[in-house]
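Respectively, the protein sequence lines represent chains A and B.
Letter by letter, the first sequence follows residues 1 to 438 in the working numbering.
Letter by letter, the second sequence follows residues 439 to 876 in the working numbering.
Every residue, glycine too, gets a C-beta built ideally from N, C-alpha and C.
Since the structure is predicted, the reported quantities are computational estimates derived from the model, not experimental observations.
Okay, so here's the structure we're looking at.
Protein chains: 2
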Amino acid sequence: MNKNSARKSAPQHSLTHQSHVLNLPLQDTQVTREPHSHERWLVAKLMRMAGSPPIRFRLWNNDEIEPHGQPALFTVYLADPKALYALVANPNLAFGDLYSAGRLDVEGDLPELMESLYRTIHQARQKWPRWLEALWRNHAPRSTGPSEAPENIRHHYDLGNDFYRLWLDQAEMQYTCAYYERPELSLEQAQLAKLEYICRKLRLKPGMTVVEAGCGWGGLARYMARHYGVKVHAYNISEEQIAYAQAQARKQGLHTQIEYIKDDYRNIHGQYDAFVSVGMLEHVGKDNFTELSELIKRSLKPNGIALIHSIGRNRPMLMNAWIEKRIFPGAYPPSIGEIMGLCEHSDFCVLDVENLRLHYARTLSVWMERFDGAQSAITEMYDEYFTRAWRMYLAGSIAAFRAGSLQLFQVVFTHGDSNQLPVTRQDLYTFPAAPESV
Amino acid sequence: MNKNSARKSAPQHSLTHQSHVLNLPLQDTQVTREPHSHERWLVAKLMRMAGSPPIRFRLWNNDEIEPHGQPALFTVYLADPKALYALVANPNLAFGDLYSAGRLDVEGDLPELMESLYRTIHQARQKWPRWLEALWRNHAPRSTGPSEAPENIRHHYDLGNDFYRLWLDQAEMQYTCAYYERPELSLEQAQLAKLEYICRKLRLKPGMTVVEAGCGWGGLARYMARHYGVKVHAYNISEEQIAYAQAQARKQGLHTQIEYIKDDYRNIHGQYDAFVSVGMLEHVGKDNFTELSELIKRSLKPNGIALIHSIGRNRPMLMNAWIEKRIFPGAYPPSIGEIMGLCEHSDFCVLDVENLRLHYARTLSVWMERFDGAQSAITEMYDEYFTRAWRMYLAGSIAAFRAGSLQLFQVVFTHGDSNQLPVTRQDLYTFPAAPESV
């Protein structure tokens with residue numbers, strides 16, 4: 001099937017037949033037989049390997065297996081024996097796939113269950129025997145080279161603006177971490193605060209030029225043009241997003257200040273006062289950091305400032321297999337140390353690193369609330385499998401940021417020999433970044 | 439000679455006979471002969487290898503060699519031919535040693551000359567042939583293991599409190615980078631602002647406990663006890679400094695809140711709400727980062743916050759050979775990437791990295807001004823060689839921070855699984871950190 005022609009008629013997703021990829025045995029008939037004793041043993045073993053989370057298992061015949069030595073806070077239901085075997089063989093991938101297919105279900109708050117799992121597994125995996133570590137290991141992420149990147153990005157970002165509009169903020173369609181300057185902010189305020197905060201960190205002034213690598217629906221570029229009077233070249237390889245961004249810029253009379261360019265970031269040319277990239281680095285892949293480093297080096301004027309905003313890790317680790325395979329092909333959230341490799345390669349001077357991980361947990365919670373509110377519309381747009389998969393993705397992400405297995409870094413840097421530096425960070429905080437109302 | 443017994447009578451330094459270490463040929467008689475043509479060629483070659491800085495050379499017979507294609511901004515005087523040969527053979531070490539011995543002198547602002555040299559050499563060294571790189575390479579720094587560390591530290595920090603009192607701030611004898619929250623602050627204000635800023639970054643509250651690794655003259659511990667009502671265990675292996683710190687704490691009635699401990703940081707025990715280390719990491723040596731990481735891991739309560747303040751680099755690089763051999767034995771300023779190695783090892787969550795390098799350039803400038811004002815007293819206390827060596831060290835350090843070859847990092851982190859995080863950094867900037875007057 002030609003994806004491009006298909007996309008013109010209706011939004012597509014490629015999530016339905018994932019069970020082939022996992023070799024997940026299909027189960028078409030309802031199972032009510034008694035579980036074998038070895039199946040009960042497998043459940044208990046699985047829970048011990050996961051660090052004994054407070055989870056009750058309910059099996060296909062409604063038999064329940066309680067957690068060891070503590071009350072259950074959540075119940076996980078398995079619809080059939082083959083689901084159990086899939087879970088034991090490859091829990092990273094199967095938990096999400098089975099949930100998506102409705103063959104695994106959860107009673108209790110899904111993000112809280114996932115956070116609990118992340119925390120106990122994080123402790124427990126240090127004691128896993130080597131064979132188990134090998135069996136359950138995540139596979140290397142997909143390539144993010146120039147020929148694969150477009151397909152990776154289309155898989156996620158071209159799901160349709162109508163879909164994202166259902167649950168992202170109404171202000172600027174920001175699909176990255178918001179900045180909750182005050183806890184009571186609305187998502188819209190917090191997303192605009194994020195845009196403002198980034199402009200401040202870049203110390204933008206009227207007349208400056210900015211290049212943006214990976215511009216999403218173009219909200220940051222428009223914010224910069226509108227509020228800071230700068231000229232922006234904004235790159236993105238997602239066709240849907242660029243079309244939306246261009247239309248918005250024209251509507252708002254900002255099209256003379258912004259050029260949205262449907263092209264790979266690797267083709268950025270020219271020199272700018274600022275380089276900014278929000279939520280792209282995690283799709284770049286660490287094999288491409290050196291190239292990106294050199295690109296920033298040549299794109300930034302001698303006294304320019306660069307900012308990279310990216311999901312990251314406390315230490316190098318592969319992306320969760322299910323997220324990487326089903327949701328974000330090729331994703332790799334780097335540690336600060338890995339981002340420093342990028343900076344060191346070009347002798348950049350790192351001025352400021354900030355970790356906003358709890359802001360992302362909160363952002364995702366609001367997204368999930370809105371997503372849940374729009375479930376029937378989304379299921380109509382795609383199907384039940386898709387809706388459940390995305391629910392798992394949002395819940396798992398909330399959990400990962402809360403449990404500290406994902407981080408959100410903003411890194412600000414300059415050329416190594418520039419002395420035109422912001423001397424303190426006080427100017428970032430002189431007045432609120434969020435608008436009083438949206 | 440037994441150093442300990444010697445130290446009791448008068449402050450000592452071990453800088454006088456450094457020419458043996460360098461194998462610097464001594465020159466006792468004044469040389470006035472004409473330079474040979476190959477000596478003039480060597481000067482020109484040396485300048486080209488250094489990236490053609492705007493320096494005029496005046497040789498022993500007052501012959502002058504102008505810089506190529508530009509007016510001279512500085513003059514370097516060489517007193518004898520052997521000084522030239524030493525400079526060509528090992529410029530990193532010889533420049534400082536010859537200056538200390540008065541066999542190399544400078545007309546023009548010494549920090550500006552050094553900055554100019556740092557900048558041109560930084561560019562030029564990328565084109566050095568391999569043999570030159572090998573010839574001029576810095577040697578590995580001295581060991582900083584438990585048996586060498588005391589001697590390394592004594593070499594520098596036990597020069598005598600009377601010496602440091604002549605040119606450090608009068609407020610808290612801070613021998614680390616000040617925080618120039620506003621450019622017009624006095625050194626005293628800026629040093630107190632630094633102490634306040636660190637307390638804020640640690641989010642100290644009354645009744646908390648703090649452990650400090652490498653406490654200098656104890657000023658931070660006293661500031662914390664006085665202004666934040668915390669209890670501090672402060673470690674240092676410099677006898678002179680600990681004695682001073684204890685006396686000050688008693689005088690100020692803070693001795694019930696602070697325990698100054700004359701011991702290696704490796705012997706820290708107990709668990710604390712905060713771990714802080716200001717200006718120690720650059721003496722720790724990267725071979726000991728793993729051990730330090732594990733120490734912080736076990737010393738920090740589950741929701742504690744740690745702060746490391748250290749001189750650093752944009753990328754891994756050995757310390758300037760002269761500084762490491764003559765001034766700071768064993769010093770190694772790490773890159774953020776190397777500091778991240780320490781953090782990743784214990785799965786720490788890095789919240790905040792700030793680079794204050796221009797603050798250190800300014801701090802050092804004020805120190806040098808005061809040092810220059812006290813030159814005759816210092817020369818009387820030690821000798822001319824010592825005074826000139828320290829002048830070179832201060833000037834070279836100003837230059838290194840201005841040229842971006844040194845950085846000053848403050849890194850704030852927590853355990854990876856703590857969610858008791860400061861959510862934003864606004865609280866650091868709500869009111870001035872510096873006192874209105876000192």
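- Task: For the alpha helix (DSSP H) containing R388(A), list its first residue and its last residue.
- Result: For the purposes of this step, residue 388(A) is taken as residue 388 along the first sequence, with counting starting at 1. Segment E384 to A403, the alpha helix (DSSP H) holding R388(A).
- Message: Let me make sure I understand the geometry here. Which of F809(B), Y673(B), S835(B) and A837(B) has the alpha-carbon closest to that of F824(B)?
- Response: For this step, residue 824(B) is matched to residue 386 along the second sequence. Of F809(B), Y673(B), S835(B) and A837(B), the residue nearest in Cα terms is F809(B).
- Task: Please decide whether Y820(B) counts as near chain A, where near means a Cβ-Cβ distance under 8 Å.
- Result: Looking up residue 820(B) in the second sequence gives position 382. Cβ-Cβ to chain A under 8 Å: no for Y820(B).
- Query: Which residues does DSSP pair with C787(B) in a beta bridge?
  - Reply: Against the second sequence, residue 787(B) aligns to sequence position 349. Answer is T852(B), bridged to C787(B).
- Please classify H476(B): does DSSP put it in a helix, a strand, or coil? Your numbering for residue 476(B) matches position 38 in the second sequence. Note: H476(B) maps to helix in three-state DSSP.
- For Y99(A) versus M392(A), is the C-beta spacing smaller than 8 Å? Reading the first sequence from its first residue, position 99 is the one you call residue 99(A). Reading the first sequence from its first residue, position 392 is the one you call residue 392(A). A contact, by the Cβ cut-off of 8 Å.
- According to the neighbour-count rule (16 or more other Cβ atoms, all chains shown, within 10 Å of its Cβ), is P584(B) buried or exposed? One-based indexing of the second sequence puts residue 584(B) at position 146. Flag for P584(B) reads exposed.
- Counting only the same chain and skipping the five closest in sequence on each side, list residues whose C-beta sits under 6 Å from that of R56(A). Position 56 of the first sequence, counting from 1, holds the residue named residue 56(A). Cβ within range, chain order: E64, E66, A72 and T75.
- Query: What residue does the alpha helix (DSSP H) around P302(A) start on, and which one ends it?
  - Reply: Within the first sequence, the letter at position 302 stands for residue 302(A). Where P302(A) is concerned, there is no enclosing alpha helix (DSSP H), although the beta strand (DSSP E) it sits in stretches over L300 to G312.
- Query: Cα-Cα, which of N758(B), S814(B), Y661(B) and A651(B) is closest to L719(B)?
  - Reply: Position 281 of the second sequence, counting from 1, holds the residue named residue 719(B). Ranking the options by Cα distance to L719(B), first place goes to A651(B).
- Query: Nearest chain A C-beta to S773(B) closer than 8 Å, yes or no?
  - Reply: Within the second sequence, numbered from 1, the residue matching residue 773(B) stands at position 335. It does; some Cβ of chain A falls within 8 Å.
- Message: Only counting the same chain, and skipping five residues up and downstream in sequence, which positions put a Cβ closer than 6 Å to that of R638(B)?
- Response: Within the second sequence, residue 638(B) is the residue found at index 200, counting from 1. For R638(B), where only same-chain residues beyond five positions count, the Cβ hits under 6 Å are L866.
- Query: Does the distance from the CB of C787(B) to the CB of F851(B) come in under 8 Å?
  - Reply: Taking the first residue of the second sequence as position 1, residue 787(B) is located at position 349. Taking the first residue of the second sequence as position 1, residue 851(B) is located at position 413. Their beta carbons are under 8 Å apart, which means C787(B) touches F851(B) by this criterion.
- Message: Give me, in chain order, the residues of the same chain whose beta-carbon lies closer than 8 Å to that of L525(B); leave out the 5 immediate sequence neighbours on both sides.
- Response: Position 87 of the second sequence, counting from 1, holds the residue named residue 525(B). For L525(B), where only same-chain residues beyond five positions count, the Cβ hits under 8 Å are L484, L516, A532, F533, L536 and L542.
- Neighbourhood of G877(B) by C-beta distance below 8 Å, restricted to the same chain and skipping five residues each side: The structure shown does not extend to residue 877(B), since chain B is modelled only from 439 to 876, so the question has no answer here.
- Provide the residue span of the alpha helix (DSSP H) that contains A378(A), from first to last. Taking the first residue of the first sequence as position 1, residue 378(A) is located at position 378. Note on identity: in this sequence residue 378(A) is Ile, with Ala being the wrong assignment. It spans Q375 to M381 - the alpha helix (DSSP H) in which I378(A) sits, taken as one unbroken run.
- Task: Would you be able to state if there are at least three C-beta pairs under 8 Å between the region 229-242 of chain A and the region 256-271 of chain A?
- Result: yes
- Query: Are the CB atoms of L356(A) and Y179(A) nearer to each other than 8 Å?
  - Reply: Counting from one through the first sequence, the residue named residue 356(A) turns up at place 356. Counting from one through the first sequence, the residue named residue 179(A) turns up at place 179. Yes; because the gap between Cβ atoms is below 8 Å, this pair is in contact.
- Where does the unbroken beta strand (DSSP E) through H671(B) begin, and where does it stop? Start at 1 with the first residue of the second sequence, and residue 671(B) comes out as number 233. Unbroken beta strand (DSSP E) run through H671(B): K669 to N674.
- So L623(B) packs on D607(B), CB below 8 Å; how close in whole Å? Here residue 623(B) is taken as the residue at index 185 of the second sequence, counted from 1. Here residue 607(B) is taken as the residue at index 169 of the second sequence, counted from 1. At roughly 11 Å, the Cβ-Cβ gap does not stay under 8 Å, so L623(B) and D607(B) are not in contact.
- Query: When burial is assigned at 16 or more other CB atoms within 10 Å of the CB, is G446(A) buried or exposed?
  - Reply: Residue numbering for chain A in the displayed model covers 1 to 438; residue 446(A) lies beyond these limits and cannot be assessed.
- Within the region 166-249 of chain A, ranges of the beta strand (DSSP E) (whole runs, at least 3 residues): 209-213 and 231-236
- Message: Closer than 7 Å between beta carbons: that is the criterion. Which residues of the region 492-512 of chain B meet it against chain A?
- Response: none
- Query: Shortest alpha-carbon distance to E697(B) belongs to which of T862(B), G842(B) and A663(B)?
  - Reply: Along the second sequence, read from residue 1 onward, the residue named residue 697(B) stands at position 259. Residue A663(B) is the option with its Cα nearest to E697(B).
- Message: Using 8 Å for Cβ pairs, my map puts W566(B) next to N530(B). What's the rounded Cβ distance?
- Response: Looking up residue 566(B) in the second sequence gives position 128. Looking up residue 530(B) in the second sequence gives position 92. Actually they do not touch by this definition, with Cβ atoms about 13 Å apart.
- Message: Is there a C-beta anywhere in chain B that falls below 8 Å from the one on M340(A)?
- Response: Within the first sequence, residue 340(A) is the residue found at index 340, counting from 1. Judged by the 8 Å Cβ criterion, M340(A) is in contact with chain B.
- Hey, how far is the Cα of G556(B) from the Cα of A837(B)? As a working note, residue 556(B) is residue 118 in the second sequence. As a working note, residue 837(B) is residue 399 in the second sequence. Rather than Gly, the amino acid found at residue 556(B) in this sequence is Tyr. Each residue's Cα considered, the two are about 7 Å apart.
- Determine whether the Cβ of G842(B) lies closer than 8 Å to any Cβ atom of chain A. Within the second sequence, residue 842(B) is the residue found at index 404, counting from 1. At least one chain A Cβ lies under 8 Å of G842(B).
- Query: When the distance is taken between beta carbons, is I746(B) closer than 8 Å to V849(B)?
  - Reply: The residue labelled residue 849(B) in the question sits at position 411 within the second sequence. The residue labelled residue 746(B) in the question sits at position 308 within the second sequence. Contact: yes.
- Task: Return the Cβ separation of M340(A) and S773(B) in integer angstroms, given the expectation that the two are a contact with Cβ distance under 8 Å.
- Result: Along the first sequence, one-based indexing puts residue 340(A) at 340. Along the second sequence, one-based indexing puts residue 773(B) at 335. Contact holds; Cβ gap of about 7 Å.
- Roughly how many whole angstroms lie between the Cα atoms of G708(B) and M806(B)? Translated into the one-based positions of the second sequence, residue 708(B) becomes position 270. Translated into the one-based positions of the second sequence, residue 806(B) becomes position 368. Looking at the two C-alpha atoms, the distance is approximately 40 Å.
- Item | Pairwise C-alpha distance: L738(B) and P549(B) | Looking up residue 549(B) in the second sequence gives position 111. Looking up residue 738(B) in the second sequence gives position 300. Between P549(B) and L738(B), the C-alpha separation is close to 41 Å.
- Task: Give me the Cα-Cα distance between G337(A) and K689(B), rounded to the nearest whole angstrom.
- Result: On the first sequence, position 337 is the one that residue 337(A) refers to. On the second sequence, position 251 is the one that residue 689(B) refers to. Going from the Cα of G337(A) to the Cα of K689(B) covers about 44 Å.
- N793(B) - partner residues in DSSP beta bridges: Position 355 of the second sequence, counting from 1, holds the residue named residue 793(B). DSSP output for N793(B) lists F847(B) as bridge partner(s).
- Run through the region 103-157 of chain A for me and flag every whole alpha helix (DSSP H) of 4 or more residues, listed as ranges in chain order. 110-124, 130-136 and 149-157
- Message: With H, G and I counted as helix, E and B as strand and the rest as coil, what does DSSP make of L428(A)?
- Response: Position 428 of the first sequence holds residue 428(A). It is helical.
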